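Numbering (our numbering), first residue to last: -4 to 732.
To keep things clear, I will list the structure first and then write my remarks on it.
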């Protein structure tokens, strides 16, 4: 309900801006455009109501406007904040003490509470008004149909003959009944599927010419499809019942519709009949009026002000006809300019929102570091810290547990009016927890309770997140430079569903040649949720990174594999992998894709994978690993150029394959002339393969293992004699001890 209301609300605001521009333009042009173009310009307004968000453009008028966002719930704390509930903390049961609360004054709390309640109930107020208006429209329509059944008489033959002549003159072949009735006091076009023309008994006594003009006007409405436009306006009026500017614009649009309909009639009449048509309009104004409380019917009768305008436009018919080309060009120019200005969105780069950037996350390092505190009991610091994090405007209250360890923080949010998806919230709260652990030294548990998502609770333990990062999170906030690098890396880290998908991909890495760090990249093409499970359709990449010739690169893995994963989701928002399926290799590839993926995703899956996007994710993970290791090196997903030893194939096969069975340490040395890094028991070693000439002119392959300081740990020399490698020299540092 809230999503629909705020979509309509945004549409109404954007359309109101478009309406003001259109009204201003129409006021300037006034009698420089004919009736048809005045009416067509309103199409921009209607399209803006139906599709408020268009493509971004530097020409858009909305570049000059601030971005319209949903009203934020106010930071609010009740005098008795709920206690932290931490049922899933492992091993040590937690007895939660009396929480310390950060509260507003009573008058402020009451005012904020009233505003928050009003914002929460706005969607329901809108829905109630819409339903009442809709019931009124449907009710009056049905009541009118009943009245027409009771108070209608067949039209006389002369009147039917006049109608037939009018249809012929207007080029209409569809059967349109003519009904003489007393339910409606004006000539009108009524009906949805099979419209009919309504006239009164008094009109039947009018002259044939007057009757002809009346019928031609109603037939013109039918020919121009105005009936369907009118029903569309009624529908939009129902949706935007709260906006008086929309009502006024629809009134102006219907006025222009009547003038444009007159123009349509005049186009088939002789010039000498224009004055007589105008006199019929005046006669209708004097004799008949439209009922105030009835659904808007299309008819010839109008209010006095618009009748006067219609008479003026009738007098100018010859003027516009003589300037047809100029009017056409002016009208087209107006439509093109208005479309470019009003049917587009402002550039995203021009929009700023404190705390959120174009990627969805932005943390103010300076402000966050100012709130760093060693104690979770520092109410002011902790409150200000949470207020500086993304999603702060949806915070309702804060509770601190400081009586005994483990110390905890619980933040209560209301996301009912946020418009954010659960996946977005999962991700942002994960990052917020990481930042809080870095800046609050003694907090052990961080919990987020989220109203508006079905009362979802999130719990994060310092020990678990530090295991994810491989270090004490407080170390990231020891200095400004380190903290900036840390914050910059956050949007590149997986979390929530993305984190679960990344972990699932990594779990498939056991069967590959092992490097130093396992990375995963993925693009989620779609997902389906049902009965507590989520099925995710992805293109997945997996890769072990290791050093080859001093470049940190992929040493094994797969890329862009169509993969379907199914997870269960518990009440805490935690994902558990149930099934992992990859598309088949070879000839069965396309068939397996069609069997695994929904039809609407087939084209995406069978198109070339987005390798740059997948590589960027994996390179970011590799960069984070090197940063944690304190290593500055080139990272590349591309193949590293390698030079093979210049020995015959028989010797190479023996050295790098057969002889490794007797001497497994040979497997660690690169098969090319260059280096490879291997971490053994936490210590990094560099394995190098080199080639030289022995004193007797035979080729010599030299294997050298050194530590990070360049100290030789192991060295082996193999001389190639008659295509057979022979060990001629061996050194091992362990012999020195």
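Glycine included, every Cβ here is placed at the ideal spot set by N, Cα and C.
This one's a predicted model, so the numbers in the text were calculated from it and none came from an experiment.
If you drop the 5 nearest sequence neighbours on each side, which residues of the same chain put their C-beta closer than 7 angstroms to that of residue i?
i: residue 55; result: 336, 339, 340, 341
i: residue 708; result: 680, 700, 701, 702, 728
i: residue 618; result: 630
i: residue 647; result: 640
i: residue 579; result: 587
With 7 angstroms as the threshold, decide whether the Cβ of residue i is near any Cβ in chain D.
i: residue 402; result: The chain inventory of the structure shown lacks chain D, comprising one protein chain alone.
Would you check if the distance between the CB atom of residue i and the CB atom of residue j is smaller than 7 angstroms?
i: residue 499; j: residue 591; result: no
i: residue 539; j: residue 552; result: yes
i: residue 689; j: residue 714; result: yes
i: residue 31; j: residue 258; result: yes
i: residue 515; j: residue 533; result: no
i: residue 548; j: residue 577; result: no
i: residue 443; j: residue 424; result: yes
i: residue 434; j: residue 383; result: no
i: residue 401; j: residue 440; result: yes
i: residue 695; j: residue 711; result: no
i: residue 160; j: residue 7; result: no
i: residue 14; j: residue 240; result: yes
i: residue 529; j: residue 519; result: no
i: residue 669; j: residue 544; result: yes
i: residue 432; j: residue 460; result: yes
i: residue 562; j: residue 495; result: yes
i: residue 720; j: residue 649; result: yes
i: residue 360; j: residue 482; result: yes
i: residue 10; j: residue 45; result: no
For residue i, collect the residues of the same chain with a Cβ closer than 8 angstroms to its Cβ; drop the 5 residues on either side in sequence, then sort them by chain order.
i: residue 288; result: The predicted position of residue 288 is uncertain, since its pLDDT is 44 and thus under 50; a value taken from the coordinates is nonetheless stated next. Excluding sequence neighbours, residue 288 sits near 135.
i: residue 651; result: 661, 666
i: residue 672; result: 511, 541, 542, 679, 680, 681, 682
i: residue 716; result: 693
i: residue 34; result: 248, 251, 252, 254, 255
i: residue 218; result: 165, 166, 167, 259
Give the range of the beta strand (DSSP E) segment to which residue i is assigned.
i: residue 444; result: 440 to 446
i: residue 723; result: 719 to 727
i: residue 453; result: 451 to 456
i: residue 573; result: 570 to 577
i: residue 630; result: 629 to 631
Go to residue i, then tell me how far its alpha helix (DSSP H) extends in each direction, as first and last residue.
i: residue 715; result: Note, residue 715: premise wrong, no alpha helix (DSSP H); beta strand (DSSP E) at 707 to 716.
i: residue 239; result: 239 to 261
i: residue 648; result: 644 to 651
i: residue 330; result: 319 to 337
i: residue 584; result: 584 to 591
i: residue 610; result: 606 to 624
i: residue 43; result: 37 to 45
i: residue 25; result: Segment: none, residue 25 is in no alpha helix (DSSP H) and carries neither H nor E.
i: residue 598; result: 597 to 601
i: residue 219; result: Per DSSP, residue 219 belongs to no alpha helix (DSSP H) and is neither H nor E.
i: residue 364; result: 360 to 365
Taking 6 angstroms as the limit between beta carbons, can you name the residues of its chain near residue i, skipping five residues before and five after?
i: residue 445; result: 408, 410, 451
i: residue 233; result: 125, 128, 129
i: residue 41; result: none
i: residue 99; result: In this prediction, residue 99 has a pLDDT of 40, which is less than 50 and means its spatial position is unreliable; what the coordinates show is noted afterwards. So no residue of the chain qualifies.
i: residue 546; result: 629, 631, 635
i: residue 0; result: 118, 121
i: residue 210; result: 158, 161
i: residue 427; result: 384
i: residue 535; result: 500, 517, 556, 558
Residue i and residue j look like a contact to me (Cβ under 8 angstroms); what is the Cβ gap, rounded to whole Å?
i: residue 469; j: residue 438; result: Not confirmed; about 10 angstroms, so no contact.
i: residue 521; j: residue 603; result: Incorrect: roughly 18 angstroms between the Cβ atoms, too far for contact.
i: residue 165; j: residue 215; result: 7 angstroms
i: residue 175; j: residue 148; result: 5 angstroms
i: residue 177; j: residue 195; result: 7 angstroms
Enumerated in chain order, which unbroken segments of the beta strand (DSSP E) with a length of 3 residues or greater are wholly contained in the stretch 376 to 437?
Runs of the beta strand (DSSP E) inside the stretch 376 to 437: 390 to 396, 403 to 409.
*Pick out the complete beta strand (DSSP E) segments inside the stretch 665 to 699, 3 residues or longer, and give them in chain order.*
Listed in chain order, the complete beta strand (DSSP E) runs (minimum 3 residues) inside the stretch 665 to 699 are 669 to 675, 678 to 688.
- Task: Would you list, in sequence order, the uninterrupted beta strand (DSSP E) runs of no fewer than 3 residues that lie entirely inside the stretch 475 to 548?
- Result: Correct list: 512 to 525, 528 to 543.
Extract the residue ranges of the beta strand (DSSP E) inside the stretch 128 to 202, only unbroken runs of 3 or more that lie entirely within it. Fully enclosed beta strand (DSSP E) runs of 3 or longer: 147 to 149, 173 to 176, 183 to 185, 191 to 194.
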